[in-house]
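Participant: After the structure tokens below, expect a handful of questions from me.
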Amino acid sequence: MEANSNIPSSHTLWSPHDTVKDAAESLGIALPDEAAKNLAMDVEYRIHEILETAVKFMRHSKRRLLMTSDINHALEMLNIEPLYGYDNTQQLNFKETLVGAGGQTLYYIDDKEMDLEKLINQPLPTVPRQTTFTAHWLAVEGVQPMIPQNPLPSEIKSIPPFARGATSSTLGNDITSSGLSSDVTMKDRDDQSRNKNTGLSQNASEVKPLVKHVLSKELKLYFDKVVEVLITTDPEKENLKYAALTSLKNDPGLHQLVPYFIQFVAEQITNQLRNIEILTTMLEVISALADNKTLFLDPYVHTLMPCILTLLLAKRIGPASKDNNSSEAEDSLKKQLAVREFAAILLDHIIKVYGSSYSTLKARVTRTLLRALLDYSKPVGTHYGTLLGLKNMGPEVIKLVVIGNLKIWYKQVIEDSNKTDYEINILLNTILDIFRHIKVEVDNAENTSDGAQSISEDVKLKLEERVGTKLAELILEQPDAIAIVRGIFFGEINI
Numbered sequence: 001m002e003a004n005s006n007i008p009s010s011h012t013l014w015s016p017h018d019t020v021k022d023a024a025e026s027l028g029i030a031l032p033d034e035a036a037k038n039l040a041m042d043v044e045y046r047i048h049e050i051l052e053t054a055v056k057f058m059r060h061s062k063r064r065l066l067m068t069s070d071i072n073h074a075l076e077m078l079n080i081e082p083l084y085g086y087d088n089t090q091q092l093n094f095k096e097t098l099v100g101a102g103g104q105t106l107y108y109i110d111d112k113e114m115d116l117e118k119l120i121n122q123p124l125p126t127v128p129r130q131t132t133f134t135a136h137w138l139a140v141e142g143v144q145p146m147i148p149q150n151p152l153p154s155e156i157k158s159i160p161p162f163a164r165g166a167t168s169s170t171l172g173n174d175i176t177s178s179g180l181s182s183d184v185t186m187k188d189r190d191d192q193s194r195n196k197n198t199g200l201s202q203n204a205s206e207v208k209p210l211v212k213h214v215l216s217k218e219l220k221l222y223f224d225k226v227v228e229v230l231i232t233t234d235p236e237k238e239n240l241k242y243a244a245l246t247s248l249k250n251d252p253g254l255h256q257l258v259p260y261f262i263q264f265v266a267e268q269i270t271n272q273l274r275n276i277e278i279l280t281t282m283l284e285v286i287s288a289l290a291d292n293k294t295l296f297l298d299p300y301v302h303t304l305m306p307c308i309l310t311l312l313l314a315k316r317i318g319p320a321s322k323d324n325n326s327s328e329a330e331d332s333l334k335k336q337l338a339v340r341e342f343a344a345i346l347l348d349h350i351i352k353v354y355g356s357s358y359s360t361l362k363a364r365v366t367r368t369l370l371r372a373l374l375d376y377s378k379p380v381g382t383h384y385g386t387l388l389g390l391k392n393m394g395p396e397v398i399k400l401v402v403i404g405n406l407k408i409w410y411k412q413v414i415e416d417s418n419k420t421d422y423e424i425n426i427l428l429n430t431i432l433d434i435f436r437h438i439k440v441e442v443d444n445a446e447n448t449s450d451g452a453q454s455i456s457e458d459v460k461l462k463l464e465e466r467v468g469t470k471l472a473e474l475i476l477e478q479p480d481a482i483a484i485v486r487g488i489f490f491g492e493i494n495i
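See below:
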């Protein structure tokens, strides 16, 4: 009793004299009694903390049996190196033995003895199954099917847009700026992409998976033959060209070739701006693809619009002429204006058919046409194409965009420029066609040659203020002047 009275009392289940001091002595460390007591209390606190954390893992796993994996998770959570050499799948068998003269009981894990001869004579394990591949639809016409191989929509939304290759950034820009890019637009895109990249971590990298598009031999042969016929200059193959365009317009089963034909059209328009025949053929290809009811062109509208707007607003189409006043220059101008008229018709068709899929398509095209209209340095072909494009945008666009800027446009483009009389007549006739596009007729008897005399002086002054003196005189000279003036001031004054 006297010997035990010298041992300091401890508030722990662990006896400092039996456990901590024995461990210290086995390591050759002389540990004071007070230090052994404090160390034992700390060890018990750490063990309780590990067990409480392991019990939490056990309860969250809906189990009542504490497993070694729970202990390992608790150790990892507490930044302690986990234990090694214990497996949950095998039952641990403890055996009891007596150690020392005092007969102290010691429990140990019984290691399973393996017979090497028996192990060698065992049959070899079965060979694993060979790796196989299965094909499935990743997307059908831009829509991902709900199959187990594809990720769920909730998982896709959780991925950042730059990582999953989303088109939000592309749709956020002007859909027409890809074909008629300016320095400012390209600079803005570079700044936006640079800002996105700076937000990424240094270790993160954008991975874009490459999907190989496999075409059958028949489709490859069909594409090669059609392309060869479309770009030929042999007049004897005109019938083949017509047959190829008819095939593109009516044949089903061309879904896989649509992106290839669109890429072909874009390359030809970019590289053959001086060849009127090739440009006309490319517009016919676009028209044939748009008229084919079996094709789904909605995902490719953003690629078609730059092609059409390039032919509508390009500075120079066709071969350059040295003398602008010669008959040859007039013939060349007629041919390029015919190409622009075809492009304007296609632009109107694309907007009407696919405007519901792209709600901002009409607004973006109108903004692009307005920029071209207000650029007074553009040649007559660009202004002609701009006026044709705006004429098909509807009465509201004509009143706001065309008539609202017509007075300044006439002074800068018609009066203060060195255009020929032939070019000026073309632009003025186009303006009159735009006016007739919005004219309002009430009584056909009013549309007489002396219709201008029935318009009051007050209305004439307002017309001059709206469109300018020269254009007002030109309008009043027309036989349907009253209907044109009524359309210009529709909803403002009664005429």
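Heads up: the sequence shown begins at 1 in full-length UniProt numbering, then just goes up one per residue.
Ideal Cβ placement from N, Cα and C applies to all residues, glycine included.
Quick check on GLU113: does DSSP put it in helix, strand or coil?
Facilitator: coil
Participant: For LYS95, report the span of its beta strand (DSSP E) as first-last.
Facilitator: 94-99
Participant: So who's on the other strand from LEU106, going by DSSP bridges?
Facilitator: THR97
Participant: What residue from VAL467, VAL380 and ILE424 has the CA that sits closest to ILE408's CA?
Facilitator: VAL467
Participant: Once you ignore the five residues that flank GLU284 on each side, which residues in its own chain have a CB closer than 6 angstroms to its CB?
Facilitator: LEU245
Participant: Please report the distance separating the alpha-carbon of ALA139 from that of THR386.
Facilitator: 38 angstroms
Participant: Less than 8 angstroms between the C-beta atoms of ALA40 and THR68, yes or no?
Facilitator: The answer is no: Cβ separation not under 8 angstroms.
Participant: Could you give the distance in angstroms between the alpha-carbon of ALA266 and the alpha-carbon of GLN130?
Facilitator: 45 angstroms
Participant: Taking LEU106 as the reference, which of GLU96, ALA314, THR430 and PHE489 has the closest Cα?
Facilitator: GLU96
Participant: In the DSSP assignment, find the unbroken alpha helix (DSSP H) run with ARG46 in it and report its ends.
Facilitator: Here the alpha helix (DSSP H) through ARG46 covers 33-60.
Participant: Please confirm whether LEU311 and ILE269 have their CB atoms less than 8 angstroms apart.
Facilitator: yes
Participant: Which partner residues does VAL143 have in the DSSP bridge list?
Facilitator: VAL140
Participant: Which complete alpha helix (DSSP H) runs does the region 457-493 hold, if anything under 4 residues is left out?
Facilitator: 457-467, 469-476 and 481-488
Participant: Along the chain, where does the alpha helix (DSSP H) containing ARG340 start, and where does it finish?
Facilitator: 327-354
Participant: Could you tell me the alpha carbon to alpha carbon distance between ASP375 and SER456, rounded to whole angstroms?
Facilitator: 35 angstroms
Participant: Going by alpha carbons, who is nearest to SER247 out of THR233, TYR108, GLU155 and TYR222?
Facilitator: TYR222
Participant: Can you name the start and end residues of the alpha helix (DSSP H) that TYR410 belongs to?
Facilitator: Taken as a continuous stretch (DSSP letters only), TYR410 belongs to no alpha helix (DSSP H), as it is neither H nor E.
Participant: Classify MET393 as buried or exposed, calling it buried when 16 or more other Cβ atoms lie within 10 Å of its own Cβ.
Facilitator: buried
Participant: How would you label residue 496, buried or exposed, when you count the other beta carbons within 10 angstroms and need 16 or more for buried?
Facilitator: With the chain covering 1 to 495 only, the question about residue 496 has no answer from this structure.
Participant: Span of the alpha helix (DSSP H) holding HIS73?
Facilitator: 68-77
Participant: Beta-carbon separation of LEU347 and ILE317 under 8 angstroms?
Facilitator: no
Participant: Kindly indicate which three-state DSSP category VAL226 falls into: helix, strand or coil?
Facilitator: In this structure, VAL226 counts as helix in the three-state DSSP scheme.
Participant: Evaluate ALA36 with the Cβ neighbour count: other Cβ atoms within 10 Å of its Cβ, from every protein chain shown; 16 or more gives buried, anything less gives exposed.
Facilitator: buried
Participant: In angstroms with no decimal places, state the Cα-to-Cα distance between MET58 and ILE47.
Facilitator: In a straight line, the C-alpha of MET58 is about 16 angstroms away from that of ILE47.
Participant: Can you find at least 3 beta carbon pairs, one from the region 369-383 and one from the region 420-430, that sit closer than 8 angstroms?
Facilitator: yes
Participant: Using 8 angstroms for Cβ pairs, my map puts LYS462 next to PHE489. What's the rounded Cβ distance?
Facilitator: At roughly 7 angstroms, the Cβ-Cβ gap stays under 8 angstroms, so LYS462 and PHE489 are in contact.
Participant: Use the C-beta contact count for LYS220: other C-beta atoms within 10 angstroms, 16 or more gives buried, fewer gives exposed.
Facilitator: Exposed.
Participant: Secondary structure at VAL401, three-state DSSP: helix, strand or coil?
Facilitator: helix
Participant: Are there 16 or more other CB atoms within 10 angstroms of the CB of LYS21, so buried, or fewer, so exposed?
Facilitator: buried
Participant: Cβ atoms of GLY389 and ALA338: under 8 angstroms apart, would you say?
Facilitator: no
Participant: Could you pull the start and end residues of the alpha helix (DSSP H) that HIS437 belongs to?
Facilitator: 421-437
Participant: On the premise that ILE308 lies in contact with ILE350, defined as a C-beta separation below 8 angstroms, what is that separation, rounded to the nearest angstrom?
Facilitator: 7 angstroms
Participant: Taking all protein chains shown into account, do 16 or more other C-beta atoms lie within 10 angstroms of the C-beta of VAL402, making it buried, or fewer, making it exposed?
Facilitator: It is buried - the Cβ of VAL402 has at least 16 other Cβ atoms within 10 Å.
Participant: State the DSSP-derived secondary structure class of ASN250, mapped to helix, strand or coil.
Facilitator: helix
Participant: Within 10 Å of its beta-carbon, does MET282 have 16 or more other beta-carbons around it, so buried, or fewer, so exposed?
Facilitator: buried
Participant: If you reduce the DSSP assignment to three classes, tell me which class ILE317 lands in.
Facilitator: coil
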